[in-house]
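> Residues in the sequence shown are numbered from -12 upward in steps of one, following my numbering. Glycine included, each C-beta is placed from N, C-alpha and C at the ideal position. Predicted model only: the values in this text are computed from it and were never measured. Shown below is the structure under consideration.
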Amino acid sequence: MNPQAKLIFSMSLLLGTTITISSNHWIMAWTGLEINTLAILPLISKSHHPRAIEASTKYFLVQATASTLLLFSSMINAWHTGQWDITQLTHPLSCMLLTAAISMKLGLVPFHFWFPEVLQGSSLMTSLLLATIMKFPPTILLFLTSPSLNPTLLCTMAIASAALGGWMGLNQTQIRKIMAFSSISHLGWMAIILIYSPKLTLITFYLYSLTTAAIFFTLNTTNTLKLSALMAAWSKIPTLTATLMLALLSLAGLPPLTGFLPKWLIIQELAKQELTTTATIIALLSLLGLFFYLRLAYCATITLPPNPANHMKQWHTNKSVNTLTSTLVMLSITLLPMSPTILTIP
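In structure tokens:
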């Protein structure tokens, strides 16, 4: 892709995100989301592969539907209350439509079907954008409207997302699809605590984005897309592959890694709200995700690929690990001792 075009699309992404997260009027928020959608479409379809074109078409249709629902929700609320303010969403039908619209944008169950397919059709760096930055504006809208949303509906969708994200990831061999189902599972954790502690939802999103970025940058450095390729990646950059295992275990939420912090805090908050059953169910469902993270970690560091005599082994690459990748990997592993500082993030 032309560097100037890539710069324009990247700046448009930043502009759309900034407009949405800083607006207090529904029309401005909707405008920011539309700018984001239009800016990411060329990045998804830049390879001109049929799968990439299919992914961009699916993404456009789903996001257009979600934006229509969001606009419809805000118009109904304005019709009944005279308010266009994001925080003044009070009409029950508007709240229901907004929950559906944002769930569709994020990929929460039952509106998740598009997400794994779109990630599979995109490049690794575009997949990273779709899994992190593109989910930030809808998450902020959920954060702003959290007092008005239906707790039972959100709790049901959250548990379904955690269950389906873990279950569907078990049988995958494509790493981008595994990361997509991982994202759906983590969205379940964010949604379940949204009503009771919106700030905790944001902290979970920040730490999830950090760990996911570390994993995607590592995969991009070793040019790994499938489990079979991951088995052979150890010989390219052994140190980076070893830290990839720790980043994957961090995403699974194992102590003493960074990813343990949000799960620990969410279970603690649910227990405070006397939702012990809910906390137990979602904690048990995270074991499904733990299985495929362990499988990825096992493939990355413990297994050796089949090695016939005529096989040319990929030995150490000349590609150096950039500072950003190594910094992200270290942060995704070592931030747990800094949890008191992280909790002061507004």
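For a quick check, are the C-beta atoms of residue 54 and residue 43 less than 8 Å apart?
Your numbering for residue 54 matches position 67 in the sequence shown. Your numbering for residue 43 matches position 56 in the sequence shown. No, Cβ-Cβ distance for residue 54 and residue 43 is not below 8 Å.
> Among 312, 190, 182, 225, whose alpha-carbon lies nearest the alpha-carbon of residue 260?
Looking up residue 260 in the sequence shown gives position 273. It is 182.
> Using a threshold of 8 Å, state whether the C-beta atoms of residue 179 and residue 145 are closer than that.
Position 192 of the sequence shown, counted from the first residue, corresponds to residue 179. Position 158 of the sequence shown, counted from the first residue, corresponds to residue 145. Yes, the Cβ-Cβ distance between residue 179 and residue 145 is below 8 Å.
> Is the beta carbon of residue 132 less than 8 Å from the beta carbon of residue 73?
As a working note, residue 132 is residue 145 in the sequence shown. As a working note, residue 73 is residue 86 in the sequence shown. Yes, Cβ-Cβ distance for residue 132 and residue 73 is below 8 Å.
> Taking the alpha helix (DSSP H) that residue 67 belongs to, which residues open and close that run?
Here residue 67 refers to the residue found at position 80 of the sequence shown. Unbroken alpha helix (DSSP H) run through residue 67: 37 to 68.
> Tell me whether residue 21, by its Cβ, gets closer than 7 Å to a heavy atom of the ligand HEM.
Judged by which ligands are present, the structure shown has none, so any question about the ligand HEM falls away.
> What's the C-alpha gap between residue 15 and residue 87?
The residue you call residue 15 lines up with position 28 of the sequence shown. The residue you call residue 87 lines up with position 100 of the sequence shown. The straight-line gap from Cα to Cα measures roughly 19 Å.
> Which term fits residue 91, buried or exposed, when burial requires 16 or more other beta carbons within 10 angstroms of its beta carbon?
Your numbering for residue 91 matches position 104 in the sequence shown. Counting Cβ neighbours within 10 Å, residue 91 comes out buried, since at least 16 surround it.
> With C-beta atoms as the reference, is residue 167 less than 8 Å away from residue 102?
Position 180 of the sequence shown, counted from the start, is the residue given in the question as residue 167. Position 115 of the sequence shown, counted from the start, is the residue given in the question as residue 102. Their beta carbons are under 8 Å apart, which means residue 167 touches residue 102 by this criterion.
> Use the C-beta contact count for residue 164: other C-beta atoms within 10 angstroms, 16 or more gives buried, fewer gives exposed.
Translated into positions along the sequence shown, residue 164 becomes position 177. Result: buried.
> Buried or exposed for residue 64, please, with buried defined as at least 16 other CB atoms from any protein chain shown within 10 angstroms of its CB.
For this step, residue 64 is matched to residue 77 along the sequence shown. It counts as buried.
> What are the start and end residues of the alpha helix (DSSP H) that includes residue 21?
Working through the sequence shown from its first residue, we reach residue 21 at position 34. Looking at the DSSP string, the run of the alpha helix (DSSP H) that includes residue 21 is 13 to 31.
> Just curious, the alpha helix (DSSP H) that residue 316 is in, first and last residue?
As a position in the sequence shown, residue 316 is number 329, starting the count at 1. Its alpha helix (DSSP H) spans residues 310 to 321.
> Considering Cα atoms alone, identify which of 95, 222, 267 is closest to residue 125.
The sequence position of residue 125 within the sequence shown is 138, counting from 1. Comparing Cα-Cα distances from residue 125 to each of 95, 222, 267, the minimum goes to 95.
> Taking three-plus beta-carbon pairs below 8 Å as touching, is the stretch 239 to 255 in contact with the stretch 322 to 329?
Output reads yes: the stretch 322 to 329 touches the stretch 239 to 255.
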